[in-house]
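Participant:
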Ligand code: BG6
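Residue numbers (full-length UniProt numbering): 6 to 482.
1) I need the boundaries of the beta strand (DSSP E) containing residue 16, first residue and last residue.
2) Just how far apart, CA to CA, sit residue 316 and residue 270?
3) Looking only at its own chain, which residues have a Cβ that is under 7 Å from the Cβ of residue 386, when we skip the five neighbours before and after it?
4) Using 8 Å as the threshold, is the C-beta distance between residue 47 and residue 90 below it?
5) Give a single yes or no on whether residue 407 has its beta carbon closer than 7 Å to a heavy atom of ligand 1.
6) From 155, 108, 126, 147, pick the residue whose C-alpha is nearest to that of residue 141; which is it?
7) Can you give, in chain order, each stretch of the alpha helix (DSSP H) that sits fully within the segment 176 to 242 and has at least 4 residues?
8) State yes or no: is the C-beta of residue 214 within less than 8 Å of the C-beta of residue 336?
9) Which ranges would you report for the alpha helix (DSSP H) in the segment 364 to 429 if only whole runs of at least 4 residues count?
10) Excluding the 5 residues preceding and the 5 following residue 52 in the sequence, name in chain order all residues of the same chain whose CB lies nearer than 7 Å to its CB.
11) What is the residue span of the alpha helix (DSSP H) that residue 263 lies within?
12) With C-beta atoms as the reference, is residue 63 less than 8 Å away from residue 84?
13) Tell me the rounded alpha-carbon separation between residue 56 and residue 155.
14) Could you give the distance in angstroms between the alpha-carbon of residue 228 and the alpha-carbon of residue 304?
15) Scan the segment 90 to 147 and note each continuous alpha helix (DSSP H) run of 4 residues or more that stays entirely inside, going in chain order.
16) For a test of your reading of the model: does the CB of residue 455 fall under 7 Å from any non-hydrogen atom of ligand 1? Yes or no.
17) Round the Cβ separation of residue 173 and residue 219 to the nearest angstrom and send it over; I've been treating them as touching at under 8 Å.
18) From this set, 116, 103, 58, 479, which residue's C-alpha is nearest residue 31's C-alpha?
19) Look up residue 449 in the DSSP assignment and say whether it is helix, strand or coil.
20) Closest by CA to residue 187, which one among 446, 217, 246?
21) Can you tell me whether residue 389 is buried or exposed, with buried defined as 16 or more other CB within 10 angstroms of its CB?
22) Got a sec: does ligand 1 put a non-hydrogen atom nearer than 7 Å to the Cβ of residue 472?
23) Run the proximity test for residue 302: is its beta-carbon closer than 7 Å to any non-hydrogen atom belonging to ligand 1?
24) Tell me whether residue 177 counts as near ligand 3, meaning its Cβ is closer than 7 Å to at least one heavy atom of that ligand.
25) Round the Cβ separation of residue 103 and residue 66 to the nearest angstrom and send it over; I've been treating them as touching at under 8 Å.
26) So, at 7 Å on beta carbons, what are the nonlocal neighbours of residue 38 in its own chain, with the 5 sequence-adjacent residues on each side left out?
27) What did DSSP end up calling residue 55 once you bin it into helix, strand or coil?
28) Quick check on DSSP: helix, strand or coil for residue 294?
29) Could you check if residue 217 belongs to the surroundings of ligand 1, using beta carbon to heavy atom distance under 7 Å?
30) Could you tell me if residue 535 is buried or exposed, where buried requires 16 or more neighbouring beta carbons within 10 angstroms of its beta carbon?
31) What do you get for residue 482, buried or exposed, if any count of 16 or more other CB atoms within 10 angstroms of its CB means buried?
32) For the structure I just gave you, are there three or more beta carbon pairs, one from the segment 320 to 335 and one from the segment 460 to 478, closer than 8 Å?
33) What are the residues that DSSP puts in a beta bridge with residue 362?
34) Suppose contacts are defined by Cβ-Cβ distances below 8 Å. Is residue 342 in contact with residue 208 by that definition?
35) Here's a check: name, in chain order, each residue in its chain whose Cβ is nearer than 6 Å to the Cβ of residue 95, leaving out the five neighbours to either side.
36) For chain D, check one thing: does any of its Cβ atoms lie closer than 8 Å to the Cβ of residue 219?
This is the structure:
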């Protein structure tokens, strides 16, 4: 179903994110028929470029990042929706011309795909030159600040020009199909929710493992590290969706109120319960410090931590979070590990077994539920875990292939005016409020991350974090 006609202005349209994600995503929505005929996408950036030059750039970007399988005619058709205006984000150049391109009476959205230091001047000019009104929407990208103070400042700046209902803060993990599935699994089934608490759940593991290095983003990443880059936002969102109370409705503030309560109920993390790592070099490749061109860097490319949510539902159930680059596999997974049965009628020789519900976010999206059955054969009542294994691709067939990527879905939600999958300002601030003391503690103690081998599961200490508690991480495959 096509969305309403819109004008979407992308500031920073020549940048990496626009070329890799935003524009190819819009193209795929065009191919799926969701973009109305009179939708218009206007690139805006510092570089001087004609409409045609911009279209050529977008054509190249889609060829490179668009994921293949499309007709050239479709690409030509999409490019007709595009235009470009050169603007000076901090001056007056280009703004009147950009305004002339906008049409009255349509949905109007402005995507800030630029450094946060420009949010203020863009917002001010959008209002000052009369491009934006109380109905317009602005989309902002992470990093949304680098700590609580800077996030507050950004929120204040945006609030000077826009209402909270106009601001769409992107965390692309919320746009992932399987992340939304977490809510469907929890709140659409009777099976899980009655067991979803500290009485039945031993612990929960959230892993977002990547095989990639920091690549060409060294200068950003070295100022950020895994805590700011992944934990404060993506892992935090996963934690919220797994731990929150059922919202009354699948509506923006119902969902976001519940997420906020989870973040606010998080205990400060004991520094003994956090492990930082940094990938070392090996025979084949340089290590993190060479990648970021900073021989003394003490920024972490890996974090593992244990945290607690102090509320009625979760008191006593630890949550273990880990994420890192250059690990042995690309695997994002949430594992809900249930407690042992209270008494084994089969005696000590049968072994102890646990139910584990694992939700694979990527790749091979799906779910497995480990259940205990009898080991086949005459050898008495010995128990064994087997997995009820469901891959969404197998279960859903061709429907699973037509799933929009996170950015596509989120941009369409902006046009529809649905904020459910976007972070509210207070949520982001609460997340920083929790992460800030962790990062400050590292700095205060002069902590140096533990080196780990590329292609491993992270530093040994991360394994110990679990072993000390008599638990173990699930294998990264
Ligand atoms: C980004 C981080 O937000 O998420 C990157 O800045 C990270 O460092 C990426 O690689 C991971 O996203 P995905 O969708 O590939 O899991």
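Each residue gets a CB set at the ideal place from its N, CA and C atoms; glycine is no exception. None of these values were measured; they are calculated from a predicted model.
Facilitator: The answer reads as follows:
1) 11 to 16
2) 6 Å
3) 351, 355, 379
4) yes
5) no
6) 108
7) 182 to 193, 223 to 231
8) yes
9) 397 to 401, 411 to 421
10) 19, 91
11) 257 to 270
12) yes
13) 36 Å
14) 7 Å
15) 100 to 106, 124 to 133
16) no
17) Contact flag wrong, Cβ pair sits at about 27 Å.
18) 116
19) helix
20) 246
21) exposed
22) no
23) no
24) Ligand 3 is not among the ligands present in this structure, which contains only ligand 1.
25) About 21 Å; that fails the 8 Å criterion.
26) 7
27) coil
28) helix
29) yes
30) The question about residue 535 has no answer, for the chain in this structure spans 6 to 482.
31) exposed
32) yes
33) 341, 374
34) yes
35) 126
36) This model lacks chain D altogether, as it is built from one protein chain only.
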